[in-house]
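Enquirer:
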Amino acid sequence: MVKKIPMRQCIGCGEMKPKRELIRVVRPKEGEISLDLTGKMPGRGAYLCRNAECLRMAQKSRRLERSFSCKVEPEVYEVMLHALSEADGNS
């Protein structure tokens, strides 16, 4: 029996990829949007490729704002960009 691989769509580039290849962006009920590197945090989630370009495309087209139905401040994108570059360096 072949195990099914869960697929998710990147909100930056729109590509369907295996869930493990993407990073989850999460907005818990408290409202603090952040990167969920473990994929286990509670709250509404969206997925991004592990590169800064997809985050920039998501920011430009306001896809995170649409996914979470709230305003996302530019500082949040800067923090996520920094965390994404750190996570990429550790891999």
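According to this note's numbering, the residues represented by the sequence shown are -19 to 71, in order. Every residue, glycine too, gets a C-beta built ideally from N, C-alpha and C.
1. Among 16, -8, 1, which has the Cα closest to the Cα of residue 63?
2. What's the gap between the Cα of residue 71 and the Cα of residue 58?
3. Could you check the C-alpha separation between residue -7 and residue 44 for me, to the nearest Å?
4. Measure the alpha-carbon distance for residue 46 versus residue -17 and round it to whole angstroms.
5. In whole angstroms, give me the CA-to-CA distance for residue 52 and residue -11.
Expert: So, from the data block:
1. With distances taken between Cα atoms, residue 63 lies closest to 16.
2. Annotation note: pLDDT 49 at residue 71 (below 50); position unreliable, no value reported.
3. Distance between the alpha carbons of residue -7 and residue 44 is about 13 Å.
4. Between residue 46 and residue -17, the C-alpha separation is close to 32 Å.
5. One alpha carbon belongs to residue 52, the other to residue -11, and they sit about 20 Å apart.
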